[in-house]
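Chemist: The numbering of the sequence shown is full-length UniProt numbering, which starts it at 1 and goes up by one.
All C-beta atoms, glycine included, are put in the ideal place defined by N, C-alpha and C.
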Amino acid sequence: MSEHAALKYLLAYPPAVVRQAQSLFDAGELPAWLRRKYPDGHDVQTDKALYQFVAALKQRHLKNAPLPAKVLYDNQQHPLKGTLGTNTMISRVQGGRLKSKSEIRVASLFRELPLPFLQMIAAHELAHLKEREHDKAFYQLCRHMLPDYHQLEFDLRLWLNCRERGLL
Numbered sequence: 001m002s003e004h005a006a007l008k009y010l011l012a013y014p015p016a017v018v019r020q021a022q023s024l025f026d027a028g029e030l031p032a033w034l035r036r037k038y039p040d041g042h043d044v045q046t047d048k049a050l051y052q053f054v055a056a057l058k059q060r061h062l063k064n065a066p067l068p069a070k071v072l073y074d075n076q077q078h079p080l081k082g083t084l085g086t087n088t089m090i091s092r093v094q095g096g097r098l099k100s101k102s103e104i105r106v107a108s109l110f111r112e113l114p115l116p117f118l119q120m121i122a123a124h125e126l127a128h129l130k131e132r133e134h135d136k137a138f139y140q141l142c143r144h145m146l147p148d149y150h151q152l153e154f155d156l157r158l159w160l161n162c163r164e165r166g167l168l
């Protein structure tokens, strides 16, 4: 099995990193390592709880950013479709005025994942309130909210590879 076929969520990472992850995966050690590193789930199970969770993170780190109008779990968001979350602006005309509201949708699978992964996707989507593009400023903002953002994103990709094969 080639590296890219086995760990498809790591395609953009350097070959040396992929080889190291691949060797853990091939040895059957990756799922146990991930369970030890991320043993606990979370109780953010409803859309209301998710809204409060995201609002608290926003208030702690992005005081000047507008609060999203909606934050909810979405069954349409899925890694196979290339998306784990979205942040969209919805504009409507109300009484001759144009009103814009942001809406954050998070893949429903985050209900089952460890809390640090939910924190990572929430920080990612909140960063889009200030930075639309995935550029240096965007990732600096993600790291402002979660200093270990990049490690969490990488570990989430490892988790998704294992989960997809029924190993987690």
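Closest to arginine 111 by C-alpha separation, out of Asp155, Asp40 and Gln151, would be which residue?
Modeler: On the sequence shown, position 111 is the one that residue 111 refers to. With distances taken between Cα atoms, arginine 111 lies closest to Asp40.
Chemist: Quick check on this structure: which residue in Phe154, Arg165 and Glu164 has the alpha carbon closest to the alpha carbon of lysine 37?
Modeler: For the purposes of this step, residue 37 is taken as residue 37 along the sequence shown, with counting starting at 1. When each option's Cα is compared against that of lysine 37, the closest is Phe154.
Chemist: What is the DSSP secondary structure of glutamate 3, reduced to helix, strand or coil?
Modeler: Working through the sequence shown from its first residue, we reach residue 3 at position 3. Because the pLDDT at glutamate 3 is just 42, under 50, the model does not fix this residue reliably, and the value given afterwards should be weighed accordingly. Here glutamate 3 sits in helix by DSSP.
Chemist: Assuming asparagine 87 contacts leucine 129 under a Cβ cut-off of 8 Å, what Cβ separation, rounded to an integer in Å, is found between them?
Modeler: For this step, residue 87 is matched to residue 87 along the sequence shown. For this step, residue 129 is matched to residue 129 along the sequence shown. The pair is a contact, with the Cβ atoms about 7 Å apart (cut-off 8 Å).
Chemist: Would proline 66 and valine 54 qualify as a contact pair, given that the criterion is a beta-carbon distance under 8 Å?
Modeler: Position 66 of the sequence shown holds residue 66. Position 54 of the sequence shown holds residue 54. No, Cβ-Cβ distance for proline 66 and valine 54 is not below 8 Å.
Chemist: Nearest by alpha-carbon distance to tyrosine 149: which of Lys101, Ala122, Val44 and Leu30 is it?
Modeler: On the sequence shown, residue 149 is found 149 positions in, with the first residue counted as 1. It is Ala122.
Chemist: Over what stretch of residues does the beta strand (DSSP E) that includes valine 106 continue unbroken?
Modeler: Numbered from its first residue, the sequence shown carries residue 106 at position 106. Run containing valine 106: 97-107, per the beta strand (DSSP E) assignment.
Chemist: Look up leucine 168 in the DSSP assignment and say whether it is helix, strand or coil.
Modeler: Locating residue 168 in the sequence shown gives position 168, where the first residue counts as 1. Per DSSP, reduced to three states, the secondary structure at leucine 168 is coil, with no helix or strand assignment.
Chemist: Relative to the C-alpha of isoleucine 104, which candidate in Lys58, Arg35 and Ala16 has its C-alpha closest?
Modeler: What you label residue 104 is simply residue 104 of the sequence shown in a count that begins at 1. The residue with the shortest Cα to Cα distance from isoleucine 104 is Lys58.
Chemist: Say whether chain B places a C-beta atom closer than 8 Å to the C-beta of aspartate 148.
Modeler: Chain labels in this structure do not include chain B; a single protein chain is all it has.
Chemist: I'd like to know whether the C-beta atoms of residue 171 and leucine 7 end up nearer to each other than 8 Å.
Modeler: Within the shown structure, residues of the chain are numbered from 1 to 168, placing residue 171 beyond reach of any answer.
Chemist: Buried or exposed for glutamate 133, please, with buried defined as at least 16 other CB atoms from any protein chain shown within 10 angstroms of its CB.
Modeler: Sequence index remark: in the sequence shown, residue 133 carries index 133 (1-based). Looking at its Cβ environment, which holds fewer than 16 other Cβ atoms inside 10 Å, glutamate 133 is exposed.
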